Every structure is written in structure tokens, then in C-alpha cells.
Amino acid sequence: MRKTIASLSCAALLLANAAGVLAQTTTVVTNSGSNANISNNSTSTTVVSTQQSNNAVVTQSSTNMVNTGGNTLSGNIAPGTGCGTCVSGSVDLTTGAGTASTVQEVDVNKNTAATEVTGGNATSVMDVVNTGNNLNVNAGATSTTVVGTSQTNNAMVSQGSMNMVNTGGNDLLNNIGNVSATTGAGAAGTVQKVTANENTALTIVQPAPTTVLPPMCGLNPCLGGLVGGNGTYTVVTNTGKNLNVSNNTNNTTVVTTGQSNKLFSMQYAGNFVNTGDNLLKKNIGGTSLTTGAGLGTTLMELTANKNVAGTAVGSSEMPLGGSLLDVVNTGANANVSAGATDTTVVGGSQTNFSLLWQKTCNVVTTGVNGVLKNIGVTSTVTGVAGGGVGQSTTANSNMYLVTTGPLGLLGLLAFLL
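If you're matching positions, the sequence shown starts at 2 in the working numbering and goes up one per residue.
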């Protein structure tokens, strides 16, 4: 029995957790003079970049040759049993069974990237209580979160297998006596499996932590509630003439995911089984030929080029940014401007390319036997011949999920996987 087993595997895993940058600014102006110019700004930037790349070139080749046949019995005279001219002895040939099997497995190029990022905490808090004549107040918060994931796999896989099993090819010639030839069973099997190029990318952008209203409000909450971590909070209590107040929040979230797979795969299997091709010729006496069963099987499986990407940004209960402005008493020419801008960009690219080639050849022989010019009772029985081929291919599968909800990293993992 000959058996060959070859296997190869390769995988990469990357987990990243990044908290939002804390860029909170608090400014308190209690009594302001005339012509005062006050500016309060906060900027928070979070950038997470992940790149995973695999290249694999795999070649597997196997040859198994098993032979118990190719025997010759010629010119033999079986001993008698004292019965005069009668012949009661025997000339026998029995070959053993032959088995050859090959298992080839390839598991390469698997990437997993999981990133959880908290949105930048760019909170700007400003309090102006008493203002002068020409006070100009400018408050702003800018939060930028960028998450980029790139996964690339290139694989070239070649699998080749050849199994040759022979228990036949026997010659029994010019023998005297009861001649019997029995060949053993022959079996050859090949299993080839390829699993290549699998990418999984998970990205979570959580809302920034909320901020309690500043203590200057005392026991009476100015606006009653929490301030978003990405927002700007401004309170102007008493204003003078020509007051100009500007309050702005800009929150930008960009998530990009690129997944690419290329696969070139070639699978070849050949199984050759022979229990026949036997020759019984010019024998004197009873002649019997029995050939063993022959079986050749091939199983090819290929699973390749699978991309899974999931992105969750913010939640339905809490957006990533906001702006709160409170002006109680204004002067004659007050100009108040407040605004919040949230920009979310989620982009994904999933590309697969496969070039696949599968070929199998099973040849099983239990016949092609010659029983010629024998004297006596002749019996010929050929064994059962069987061949089976299974070929399966699953390639080029993409799934991309974008959601706004409190799934969290574990929830998204459970949903996707």
C-alpha cells in the first residue's frame, strides 16, 4: 500500500482597537470688555490604516506505483497422487491486493481584520456671561475619523497526482496439472482540496463619549441633557451691542475597505488500475482464472475567493456629532450663527478573479485476458470494475454589510460569521 499526504496552510489575523483622540477645549469668559474677540476651537483626528497582503505559489506532485502482478509460470508439471497416468496436482498463482492513495490539501491566504474606533472627541465648550460692546465670539469643533482596510491575496496552486496499481499481467504457459490463477483486488484513490483567498474585514466606529453640561450651569442644567462628544456647546448669557456669535461643528467619518483576490488553480489526477491482462495458454488440466475487482476514485474540491466586509457607523440613538447654542439676553445688533455638519462616507471594493482547471482520468481494467489452447475444464471470472469522480468548485463570493446601530464589534462578528 502506498499513501501520500501533503498539506499546506497559511492565515493572518489582525485586531485593532483605537480610542478617539480627546481634544476637548473649555473656555469661560465672565466679564468681557469692549471690542473683545474670543475664539475657541478643537480639532480631533483619528486615522487607522490596515494593510494585509499574501502571495502563495504552491506545487504538489505525487506518483504512486504498486505492482504485485507481471508474473510468469511456464513449463511446470504438477506432482501426481499415485493414480497412474492421471494428473491431480495443481499449479497455482495468487497475487496480493494493491492499493495506492493520495491526499493533497492546500489552505492558504486567509486575512481577518477587525477595527473598533471611537469617533474623535472634539468637544468645544465656551461660556460668556457678561459681554462688552463689540464682542465677537467664535467657537468650533472639528472631528475627523478615517479607517482604511486593504486586503489582497494572490495564489497559484498546482496539484498533480498519478496512482498506478497492477495485480494483473500474469502469464501461465505450458503447464501440466490443474492450473489456477487468482489476481488480487486493485484500488487507487485521489483526494485534492484547495481552500484559498478568504478576507474578512470588520469596522466599528462608535459614537464619541458624551459630555455632561459644564458646572457653570449649577444645579439648573442650561439645556437639560448631555452634549455629544463631537459637538460644540456655547452659552452666552448677557450680551452687549454688536455681538456676533458663531458656533459650528464639523464631523467627518470615512471608512474604506478594499478586498481583492486572484487565484490560478490547476488540479490533475490520474488513477490506473489493472487486475486483468492475464494469459493462460497451452495448459493441460483444469484451467481457472479469477481476476480481482478494480476501483479508481477521484475527489476534487475547491473553495476560493471569499470576501466578507461589515461596517457599523454611529448608532440610531446617538449620532456622531452635534452643536448646542444658548443665548439668553442679546444686545441691539446681535448676530448668532450655529450649525452642525456630519459627513459619513463608507466605500467598499470587492474584486475576485479565478482561473480554474480540473482534469481527472480513471482507467480500470479487469478484462483483456487470454485463455487459449488449454486442455481440460476452463473457467474464467473477471472482477467488478468501478470508477468514480467528484468535482466541486465554490469561488468568487462577496458580502458587504453597512449598518447604523448599536451592534458593537462582537455583534457584527456574530452576524457576519
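All C-beta atoms, glycine included, are put in the ideal place defined by N, C-alpha and C. All of these numbers come straight from a predicted model, not from anything done at the bench.
Spatial distance of residue i from residue j (CA atoms)
i	j	result
T240	V347	43 Å
V213	M127	Below a pLDDT of 50, predicted positions are generally treated as unreliable, and V213, at 47, falls in that range; the measurement from the model is reported next regardless. Approximately 13 Å, taken between the alpha carbons.
Q359	A396	14 Å
N110	N308	12 Å
T383	A310	58 Å
T146	T257	11 Å
V195	G97	34 Å
A37	N334	15 Å
Q260	L357	20 Å
L220	N41	Low local confidence applies: a pLDDT of 40 at L220 is under 50, so the model's placement there is unreliable, and no value is given.
F273	V314	59 Å
C223	V329	Here C223 scores only 48 on pLDDT, less than 50, and its place in the model should not be relied on; the value that follows carries that caveat. Spanning the two alpha carbons is a distance of roughly 10 Å.
L300	S162	12 Å
L290	E302	39 Å
L244	T344	30 Å
G349	K242	52 Å
A298	T361	Note that residue 298 corresponds to Thr in the displayed sequence, not to Ala. Roughly 10 Å separates the two Cα atoms.
N375	V390	40 Å
D93	F265	53 Å
N306	V158	13 Å
M400	Q351	9 Å
T168	Q193	25 Å
V337	T254	27 Å
T394	V48	39 Å
N304	N77	Residue identity check: residue 304 is Thr in the sequence provided, not Asn. Approximately 58 Å, taken between the alpha carbons.
L23	S54	Residue confidence is low: L23 scores 49 on pLDDT, short of 50, so the model does not pin down where it sits. Its coordinate-derived value is still stated next. About 32 Å.
V369	Q392	30 Å
T250	S398	40 Å
D327	T119	28 Å
I39	S144	21 Å
A114	S355	23 Å
Candidates the options, of which the one nearest residue i by Cα
i	options	result
T43	N252, A57 and N36	Checking the sequence, you will find Ser at residue 43 rather than Thr. The residue with the shortest Cα to Cα distance from S43 is N252.
N353	E106, Q392 and T153	T153
Q207	Y234, G277 and V148	V148
V180	N399, T60 and S75	S75
A339	L174, V246 and V390	V246
V166	A186, Q160, G141 and V158	A186
T233	A98, T145 and A341	A341
G71	Q61, S54, T95 and T60	T95
V129	S91, V236 and V67	V236
V364	L373, G371, G388 and T344	G388
G271	T191, E106, N249 and T312	T191
T183	D172, N176, Q193 and I177	D172
A142	T46, Q268 and N284	T46
V58	S398, N198 and S125	N198
G170	A305, I39, N68 and Q53	N68
Q160	V107, A140 and T150	V107
N284	N176, V337 and A386	N176
L373	S144, F265, G286 and T119	G286
T73	Q392, L174, G99 and V337	L174
Q105	T304, Q61 and A114	Q61
N131	I39, N164, T238 and T119	T238
N164	G99, T379, S50 and S355	G99
Beta-carbon proximity of residue i to residue j, cut-off 8 Å
i	j	result
T103	N65	yes
A101	A156	no
S35	N135	yes
T292	G377	no
G295	T381	no
G178	K282	no
N112	N200	yes
A79	S63	no
Q268	S151	no
L140	N248	According to the sequence shown, residue 140 is Ala rather than Leu. Going by C-beta atoms, A140 is nearer than 8 Å to N248.
V385	T312	no
Given 8 Å as the limit, is there contact between the region 197-206 and the region 277-290, that is, 3 or more CB pairs closer than that? no
Going residue by residue through the region 340-392, where are the continuous beta strand (DSSP E) segments of at least 3 residues, counting only ones entirely within it? 371-373 and 379-382
Pick out the complete beta strand (DSSP E) segments inside the region 134-221, 3 residues or longer, and give them in chain order. 137-167, 172-174, 179-183 and 187-207
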